[in-house]
Amino acid sequence: MDNPGPKKSCCGSVRDFFTSAKFLIYMGHALSTWGDRMWNFAVAVFLVELYGNSLLLTAVYGLVVAGSVLLLGAIIGDWVDKNPRLKVAQTSLLVQNSCVIVCGILLMVVFHFKEQLVELYNGWILTTCYILVISIANIANLASTATAITIQRDWVVVVAGQDSSKLADMNATVRIIDQLTNILAPMLVGQIMSFGSHFIGCGFISGWNLCSMCVEYALLWKVYQKTPALAVKGGQKEQQQELKQLSPTKDLENDQSPEESSQPLMNETSAVAVPDSPKQRGCCSQMMEPLRTLKAGWVAYYNQNIFLAGMSLAFLYMTVLGFDCITTGYAYTQGLNGSVLSLLMGASAVSGICGTVAFTWVRKKCGLIRTGFISGTAQLCCLLLCVASVFAPGSPFDLSISPFQDLYTHLIGEKTLPEADYSLTSVLTGGNATTASPAEELPLLQSYMSVSLLFAGVIAARVGLWSFDLTVTQLMQENVIESERGVINGVQNSMNYLLDLLHFIMVILAPNPEAFGLLVLISVSFVAMGHIMYFGYAFKSLGSRLFLCCSPEHKEETVESLSLPTTV
């Protein structure tokens, strides 16, 4: 008779995995990210469709979203820090999904009654609907930011415990989920809108978020129950108030404890946030509270030992070398069609997943800080192909044409060459060029050599990019103390959005394809500056040991870079 022990053990381990807190976090994140990606893709399409195939509403929406996170990132992070984990996660989840549901219903009404709304009060009702959609969608994005901070930057760290390898594996899995949903979710909602209608698309997204919200809420509760450490949070406002009420005579002694004295900035913030009596504070003081929180958050971010690493990641957002609308518009001017671009995007996703897998392997061999050094070097080497594309045959790069020519002609209301409009803005807004594309003036091999080098560099660089992103993410998780995780990651999000805004402003100032080569050179320069800052951080942390060969004795780096900080 066969021994059933191993089979039972195998089944038990599989069951334990699918009921573990780690797997439940993966499931919740997959549902949340799938809904986010569908909504982010669809809302841009909806706004373009509603405003007569113009990008105006989409541009306004993007500006509002980026500006809001830029201004409120630190405040959102401070709210995450000062409230219980479960309350933050559940509130963010409910606000985010509720706003998306309301937006979906409002868009359904607008699509169905658009002709009648245009005639009411000279179109002011329709304009009000646009404002409401953008405002509510912006609130949903802020709630999504809070969810990402609390789950990806805090809950994941607690579930991983003190195991750095487990934390790296969880970060890598979460990132793979991000990349897969970033491709599959827009494809699904795009097919629904293509074979159905925008009205059906809005209804589907609203229904999805309603169902997803209920499932995610239950998953969060399960993870919270399976991980008792989530119930204990360092620096909680409620705990500080309770301690002050129980032992008011020892407040000064508590403020001078070694753990708290090592973080004076956050202690000042806590002292401001928990006054002795609400009556002692005037209206002006309460109105200035968000500004004080904002200032304290940015100062705390600057004083972090991983400040240079965080800045290096933010600098990577100042680039046109990604698969966004800018690069897509340029590709269209160079003769690439939608089918080719979809294949390139698929190759980019595969490259990103390879970078995610490579991160876990290199980290085990070389350590976390050296992984960032290796990833940054690999990305810069791949981006040299993009630099070469600027000067390769078929490139429209021409310094004799002013980068601001297209902007100038739009401002004065006329074009010097009305038949030759290859600006990125005209391509994205559906402008039709009446002459042959510059890529068609050369032989077939030469005409596509430049754009081929460009996308080869962009796709290959994704391996280093995603590995570097995971490195900086884990460095922040391991080095930022628990009571500051929210505000520091909130400021990091603000920095990312700031550099992202600058890259869009750069394109607005120089939108013609002849200037795209200049944008590529500027982008590579910013990426290089970012990695130089990281190299400075790595050399400061490891010194001469940074350049030692990867070997088992050098896996463990400095104590402060690998030991997870305890609660304050």
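One point on numbering: in my numbering, the residue at position 324 of the sequence shown is 324, and numbering is uninterrupted. Glycine included, each C-beta is placed from N, C-alpha and C at the ideal position.
Given this structure, state the Cα-to-Cα distance separating residue i from residue j, to the nearest angstrom.
i	j	result
residue 262	residue 492	Because the pLDDT at residue 262 is just 32, under 50, the model does not fix this residue reliably, and the value given afterwards should be weighed accordingly. So the alpha carbons of these two residues sit roughly 21 Å apart.
residue 430	residue 398	Only weak support exists for where residue 430 lies, its pLDDT of 44 falling under 50; the value from the coordinates is given anyway. Their Cα atoms are separated by approximately 24 Å.
residue 318	residue 527	8 Å
residue 315	residue 152	21 Å
residue 105	residue 373	48 Å
residue 350	residue 180	9 Å
residue 93	residue 213	7 Å
residue 22	residue 475	20 Å
residue 499	residue 15	44 Å
residue 513	residue 293	43 Å
residue 380	residue 348	16 Å
residue 505	residue 352	27 Å
residue 400	residue 517	13 Å
residue 328	residue 387	18 Å
residue 529	residue 45	35 Å
residue 119	residue 127	11 Å
residue 13	residue 231	26 Å
residue 519	residue 511	9 Å
residue 524	residue 396	18 Å
residue 445	residue 461	For residue 445, the predicted structure reports a pLDDT of 45, less than 50, and the residue's modelled location is therefore unreliable. The matter cannot be settled from this model.
residue 342	residue 366	35 Å
residue 455	residue 344	8 Å
Quick one, are the C-beta atoms of residue i and residue j less than 8 Å apart?
i	j	result
residue 96	residue 148	no
residue 392	residue 450	yes
residue 536	residue 468	no
residue 320	residue 507	yes
residue 222	residue 24	yes
residue 69	residue 494	yes
residue 111	residue 198	yes
residue 363	residue 371	yes
residue 35	residue 108	no
residue 89	residue 220	yes
residue 205	residue 38	yes
residue 360	residue 169	yes
residue 216	residue 52	no
residue 100	residue 182	no
residue 74	residue 297	yes
residue 200	residue 145	no
residue 302	residue 177	no
residue 335	residue 447	yes
Considering only the alpha carbon of each residue, which of the options lies closest to residue i?
i	options	result
residue 80	537, 538, 513, 486	486
residue 575	350, 328, 462, 308	This structure cannot speak to residue 575, because the chain is shown only from 1 to 568.
residue 522	489, 384, 456	384
residue 72	138, 119, 41, 130	138
residue 141	190, 172, 33, 543	33
residue 58	75, 40, 358	40
residue 160	228, 145, 215	228
residue 533	477, 472, 490	472
residue 194	359, 453, 480, 42	42
residue 225	201, 133, 20, 327	20
residue 488	123, 300, 453	300
residue 325	369, 503, 289	503
residue 378	490, 116, 463, 478	463
residue 452	331, 50, 18, 184	331
residue 82	484, 497, 543	484
Can you tell me whether residue i is helix, strand or coil according to DSSP?
i	result
residue 480	coil
residue 163	coil
residue 324	coil
residue 256	With a pLDDT of 38 at residue 256, under the threshold of 50, the modelled position of this residue cannot be trusted; read the value that follows with caution. Reduced to three states, the DSSP call for residue 256 is coil.
residue 291	helix
residue 203	helix
residue 393	coil
residue 455	helix
residue 513	helix
residue 473	helix
residue 197	coil
residue 375	helix
residue 228	helix
residue 399	coil
residue 191	helix
Our contact map puts residue i next to residue j with C-beta atoms below 8 Å; I'd like the distance itself, whole angstroms only.
i	j	result
residue 154	residue 85	7 Å
residue 167	residue 156	7 Å
residue 382	residue 310	In fact, because the Cβ distance is near 23 Å, the residues do not count as touching under 8 Å.
residue 66	residue 501	5 Å
residue 482	residue 233	7 Å
residue 103	residue 136	5 Å
I want to see whether chain C comes within less than 8 Å of residue i, judged by CB atoms only; does it?
i	result
residue 71	The structure shown contains no chain C; it is built from a single protein chain.
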